[in-house]
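In the UniProt record's numbering, the protein residues as written are 1 to 419.
Glycine is no exception: its CB is placed at the ideal position from the N, C-alpha and C atoms.
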Amino acid sequence: MNRFADGIVKFKWLIIIAVVGLTVFFSYQAKDLHINADIISSLPDDDPVARLYKEIGTQFGGNDMGMIVLETNDVFKAEVIQHIKQITDSIKYTSGVSTVTSLTNILDIKSSEWGIEIGKLVDEYDLPVEQSQLDSLKNYVFSKEMYRGAIVSEDGTATAIMFTLLPEGDKQAVAKEIKDKIEALDLPETTYFGGLPMMMNDINDLIVSDIVWLVPIVFLVIAIILLLSFKSFRGVLLPLLIAGLAVIWTMGLMAVTGYELTIISNIIPVVLLAVGSAYTIHVLNSINHNKLADRKQALVQALRYILIPVILAAVTTAIGFVSFVFGAYLTMIKDFGIFTAVGTLIALILSLFFVPALISGLSMYGKKTAIESEEKQTILTHKILLPLVKFLFKHPKYTLTGWGVLLMLCIGGLMLIKT
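The structure is reproduced here in structure tokens:
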């Protein structure tokens, strides 16, 4: 351990340059990380039921089918029929669409004196505009079970436009293009989107929204807690820097290995910000409490002291995340477990190598000695944590009783979980 700690200080600039280089590399790779919002693709191939579901969806197009519902006071109005045709044409001429079916182009099958006659329900090149034509169409549609309650609602206030995407296309991109086109029409009717492709588009937006909003919020909360705890620039910067680097490296590694961001793995950055900063906090705390006047020697000694505890803490956390690989059904959850564990180990390595190297290389030892720093109490430690610790040691029976009651409540709550 002594050689390890001395080696980090000795080769500090080599470590710093290596970390900077790898960060640039993984940052460049992370920009190519794709989002996969397809939940169906996460079903395991070794499950016969899931495999059959995928095969049926592929054969009959169920997994590639989307729907747009137009809601208004009365579907059988000239302007509404015109709007239905506008939507139908917009979808039909979108690259990646296989078929589209609506009130204005659906086939009409009926019996005749010669047998079965197949034609169009509505002539899409000569839409009904007269009230008599619209009333006739309405009566005919409601008289046919294949239309009533299917293509048009029972009360005539809503109609469906259904479409199927080509299986080899980018479903998320096509669904987004369709939605953008329909919204650009700015129709007065209320429009609803449904089906797996449209759901994938919404999930994609949710994933992006979660990352854009949650990561800065978590970053800010952790920064405030660190500021209250350390009351120093170094105490805030280094833990957040290591957690941020762990996120960048993990996202870059996902892109390099061909994995995609899913509705589960999109929380990896948030988890790593919370978990990854902890190991740097342990290292900094050990350095701050070392009583050697020589700050360089204090750094080496602190690193020797904290090395094994930090490694064990990180490894046990990583093992916990790896357990998802063996206990999860969906592959997206397994991917989450793998890369969160990898990110945890990355944060560990950076905390043990990069943090001491950075402190030594940039002389970020702090202006005060360890003895002086112990006298400097922060609001968090002096007003909250120390009184809490004193209470726990002074009243062990109350503490154990409280935790016992909480444990029993949790066990009781387990029995109420429904699947």
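- In the same chain as Gly57, and ignoring 5 residues on each side of it, the C-beta atoms closer than 8 Å to its own belong to Ile40, Asn63 and Asp64, in chain order.
- A Cβ-Cβ separation of about 13 Å leaves Ala298 out of contact with Asn285 under the 8 Å criterion.
- The segment 95 to 105 makes contact with the segment 159 to 178, as at least three CB pairs between them are under 8 Å.
- Going by DSSP, Phe230 is part of no beta strand (DSSP E) but of the alpha helix (DSSP H) stretching over Leu196 to Phe230.
- By the CB criterion at 8 Å, Leu228 and Val247 fall outside the cutoff.
- For the segment 65 to 136, the full-length beta strand (DSSP E) segments reaching 3 residues or more read 65 to 71, 97 to 101, 107 to 112 and 115 to 120 along the chain.
- A straight line joining the alpha-carbon of Gly149 with that of Asp89 spans about 23 Å.
- The continuous beta strand (DSSP E) containing Leu165 extends over residues Ala158 to Leu165.
- Ile319 counts as exposed, since fewer than 16 other beta carbons sit within 10 angstroms of its beta carbon.
- Under the three-state reduction of DSSP, Ile349 is assigned to helix.
- Remark: C-beta atoms of Leu303 and Ala18 do not approach each other more closely than 8 Å.
- By the Cβ neighbour-count rule, Asp186 is exposed, with fewer than 16 other Cβ atoms within 10 Å of its own.
- Secondary structure note for Glu260: it is in no alpha helix (DSSP H), with a DSSP letter that is neither H nor E.
- The residues Ile84, Thr88 and Ile161, in chain order, have a CB closer than 6 Å to that of Ser102 in the same chain once the five nearest residues on each side in sequence are set aside.
- Put simply, the segment 181 to 201 does not touch the segment 105 to 119. Fewer than three CB pairs are less than 8 Å apart.
- Annotated three-state conformation of Tyr329 is coil, per DSSP.
- Below 8 Å, enough C-beta pairs join the segment 342 to 352 and the segment 236 to 247 to call them touching: three or more.
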